[in-house]
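**Q** Straight run, no breaks: the sequence shown in my numbering ends on number 218.
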Amino acid sequence: MRLILLGAPGAGKGTQAAFICQKYGIPQISTGDMLRAAVKAGSPLGLAAKKVMDSGALVSDDIIIGLVKERIAQPDCANGFLFDGFPRTIPQADALKAADVKLDYVLEIDVPFEAIIERMSGRRSHTASGRTYHVKFNPPKVPGVDDVTGEPLIQRDDDKEETVRKRLEVYAAQTRPLVDYYANWAKTDPAKAPKYRVISGMGSVEDITGRAMQALEN
Ligand code: AP5
Ligand code: ZN
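Rendered as structure tokens:
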């Protein structure tokens, strides 16, 4: 299974990716998680990316495309993978097409903008694994602590309300056009294009997982 999870910041891509990846036995490729790992390691890429991410803007297409190409060449991607947060611009989607990476599905998780601010402000993350929680909607068993490792959870630097608003603007301008890009491709060239599926991202985490699993079965 090779698929793209598409959706606004805070739509629940990371949350649902964990379940989908477990079911299909495929790695989650989150460009956001990869960039945050580079920031944590203090690498030159991380130092440059931190400023861009904290402003709510996007890291350059060349850097992202290079990172992803390197990642999908790894042996654990041989049976498939899930892209979370990639592609995020038309040039990134074109690069994927040009590299002839065959995809089975593009799954869009649709959440209205109003719901997003509340989700982001209550998010808590375990950086090493990419697991996310929400203080109200999806709390960890022990407050402030990751369920699996017992390590402390953090609040992402880009989850400040002002940065979230900027990220939503950037999504509308640069990423939202991918909805038409993939929906039209699926219509005009169904033999080659990935199947395009949209599910509502409103409701409980379990309900949405159910919708996602169903969408990926037909
Ligand atoms: P990235 O890490 O990709 O962030 P994002 O797309 O903005 O998405 P988020 O991780 O914020 O949201 P999510 O959809 O994963 O939601 P989650 O499951 O956590 O990117 C960060 C930055 O890196 C970018 O701004 C950019 O600078 C850079 N970058 C990354 N990729 C790039 C690329 N390809 N090109 C250029 N730059 C790139 O859920 C959110 C919250 O809601 C959580 O608290 C969760 O517990 C809660 N929640 C989940 N489901 C529900 C539910 N059903 N009901 C209530 N709450 C819920
Ligand atoms: Zn995420």
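Even glycine gets a Cβ: it sits at the ideal position worked out from N, Cα and C.
Remember, predicted model here, so these are calculated numbers, not experimental data.
Mind checking GLN22: buried by the 16 CB within 10 Å criterion, or exposed?
**A** Taking the first residue of the sequence shown as position 1, residue 22 is located at position 22. Exposed, since its Cβ has fewer than 16 Cβ neighbours within 10 Å.
**Q** Quick one: Cα of VAL106 to Cα of LEU153, how far?
**A** Counted from its first residue, the sequence shown places residue 106 at position 106. Counted from its first residue, the sequence shown places residue 153 at position 153. Distance between the alpha carbons of VAL106 and LEU153 is about 30 angstroms.
**Q** What are the start and end residues of the beta strand (DSSP E) that includes ARG124?
**A** Numbered from its first residue, the sequence shown carries residue 124 at position 124. It spans 123-126 - the beta strand (DSSP E) in which ARG124 sits, taken as one unbroken run.
**Q** What are the uninterrupted segments assigned as beta strand (DSSP E) that are 3 or more residues long and contained completely in the region 60-92, given in chain order?
**A** DSSP runs (the beta strand (DSSP E)) wholly in the region 60-92: 81-84.
**Q** Given 7 angstroms as the limit, tell me if LYS13 has its C-beta closer than that to any heavy atom belonging to the ligand ZN.
**A** As a first step, residue 13 is located in the sequence shown; it is residue number 13 there, counting from the start. Yes, since a heavy atom of the ligand ZN falls inside the 7 angstroms radius drawn around the Cβ of LYS13.
**Q** Which same chain residues end up closer than 7 angstroms to ILE64 when comparing Cβ atoms and leaving out the 5 residues on each side of it in sequence?
**A** Residue mapping note: residue 64 aligns to position 64 of the sequence shown, counting from 1. Same-chain partners within the cutoff: THR31, PHE86, GLN92.
**Q** Go ahead and pull the three-state DSSP assignment for ILE4.
**A** Stepping through the sequence shown from its first residue, residue 4 is reached at position 4. Strand.
**Q** Go to VAL179, then tell me how far its alpha helix (DSSP H) extends in each direction, as first and last residue.
**A** Position 179 of the sequence shown, counting from 1, holds the residue named residue 179. Here the alpha helix (DSSP H) through VAL179 covers 177-188.
**Q** Excluding five sequence neighbours on each side, which residues of the same chain lie with their C-beta closer than 8 angstroms to the C-beta of GLN155?
**A** Along the sequence shown, read from residue 1 onward, the residue named residue 155 stands at position 155. Only ARG123, ARG124, SER125 meet the Cβ criterion.
**Q** When you compare only the Cα positions, how much space is there between THR132 and LEU5?
**A** As a working note, residue 132 is residue 132 in the sequence shown. As a working note, residue 5 is residue 5 in the sequence shown. Rounded to whole angstroms, THR132 to LEU5 spans 16 angstroms at the Cα level.
**Q** So ILE199 is in the beta strand (DSSP E); what residue range does that whole segment cover?
**A** For the purposes of this step, residue 199 is identified with residue 199 of the sequence shown, where counting begins at 1. First-last of the beta strand (DSSP E) with ILE199: 195-200.
**Q** List the residues that DSSP assigns as beta-bridge partners of TYR105.
**A** As a first step, residue 105 must be located in the sequence shown, where it is residue number 105. TYR105 is bridged to LEU3, LYS195.
**Q** How about ASP158 and GLY12: are their beta carbons less than 8 angstroms apart?
**A** As a position in the sequence shown, residue 158 is number 158, starting the count at 1. As a position in the sequence shown, residue 12 is number 12, starting the count at 1. No, these two residues do not count as a Cβ contact at 8 angstroms.
**Q** On the premise that PRO194 lies in contact with ASP104, defined as a C-beta separation below 8 angstroms, what is that separation, rounded to the nearest angstrom?
**A** Residue 104 sits at position 104 when you count from the first residue of the sequence shown. Residue 194 sits at position 194 when you count from the first residue of the sequence shown. Confirmed, Cβ separation roughly 6 angstroms.
**Q** From the DSSP secondary-structure annotation, give me the bridge partner or partners of VAL145.
**A** Stepping through the sequence shown from its first residue, residue 145 is reached at position 145. Answer is PRO152, bridged to VAL145.
**Q** By alpha-carbon positions, which one of THR89, MET213, ARG36 ends up nearest to ARG176?
**A** Position 176 of the sequence shown holds residue 176. Considering only alpha carbons, the answer is THR89.
**Q** Would you list the residues sitting across from SER30 in a DSSP beta bridge?
**A** Against the sequence shown, residue 30 aligns to sequence position 30. Bridge partners of SER30: ASP84.
**Q** Whose C-alpha, out of THR127, GLU108, PRO140, is nearest the C-alpha of ALA38?
**A** Translated into the one-based positions of the sequence shown, residue 38 becomes position 38. Among THR127, GLU108, PRO140, the Cα nearest to that of ALA38 is on THR127.
**Q** Using DSSP with H/G/I as helix, E/B as strand and the rest coil, what is ASP94?
**A** Looking up residue 94 in the sequence shown gives position 94. Looking at ASP94 - three-state DSSP - the assignment turns out to be helix.
**Q** Could you please give the first and the last residue of the uninterrupted alpha helix (DSSP H) stretch that includes TYR24?
**A** Translated into positions along the sequence shown, residue 24 becomes position 24. Taken as a continuous stretch (DSSP letters only), the alpha helix (DSSP H) holding TYR24 covers 13-24.
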